[in-house]
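*Asks:* Residue numbers (the working numbering): 16 to 228.
I have a structure I would like to understand better, so I am pasting it below and will then ask my questions one at a time.
Pasting the structure below:
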């Protein structure tokens with residue numbers, strides 16, 4: 016009987032030890048489950064951040080591609096405009112050339128464009144379609160620019176006077192009409208479009224855009 020009691024006590028102790036071990040394992044499994052949930056959440060957040068960064072990089076790459084395309088277009092336009100300005104024309108031929116100045120183009124750049132043209136075509140008559148301050152017009156005197164198509168800022172403008180000015184533009188019979196523009200101004204803006212429209216209205220035989228910068 017004593018031996019049997021000892022065996023029962025030992026068996027009971029072994030069972031209790033196994034129960035404790037099982038409880039510890041269950042606790043460990045629960046803790047591992049919680050850790051796994053946290054890791055899965057962290058992984059999901061990391062994947063979300065990576066996807067967001069990928070989207071930002073894709074958008075930046077698209078913007079960069081657009082900027083590069085715009086730059087290529089601007090370079091091409093510059094090459095074309097300069098090529099047009101250097102078109103072969105008989106140097107002994109008397110030609111009429113119209114410059115239409117966009118507001119962002121400076122007087123100095125306008126004068127430089129006129130100088131290039133006069134050097135290339137010594138017998139040309141250069142006309143400027145622009146709205147200027149009188150002191151700015153004085154700066155253009157050395158470049159022998161005709162003033163028939165000029166109007167002055169800060170002076171009253173009558174309807175009849177403006178009609179007469181536009182009539183001169185339409186009836187000018189220019190051999191070449193050049194829009195003076197600048198890359199500093201966004202292409203297609205209202206002021207640049209107006210200058211281009213004036214070039215088209217001149218009904219010139221040849222038309223181009225010349226970027227001064």
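We put the CB at the ideal spot given by N, CA and C, even for glycine.
(1) Can you list, in chain order, the stretches of the alpha helix (DSSP H) that have 4 or more residues and sit fully within the region 112–176?
(2) Exposed or buried, which one is residue 119 when buried takes at least 16 other CB atoms within 10 Å?
(3) Using the DSSP secondary-structure output, state which residues sit across from residue 194 in a beta bridge.
(4) Quick check: the Cα distance between residue 72 and residue 83, rounded to an integer number of angstroms?
(5) Just tell me which of 154, 194, 136, 78 has its CA closest to the CA of residue 215.
(6) In whole angstroms, what separates the C-alpha of residue 227 from that of residue 69?
*Replies:* The answer reads as follows:
(1) 122–135, 149–155
(2) buried
(3) 115, 224
(4) 16 Å
(5) 194
(6) 40 Å
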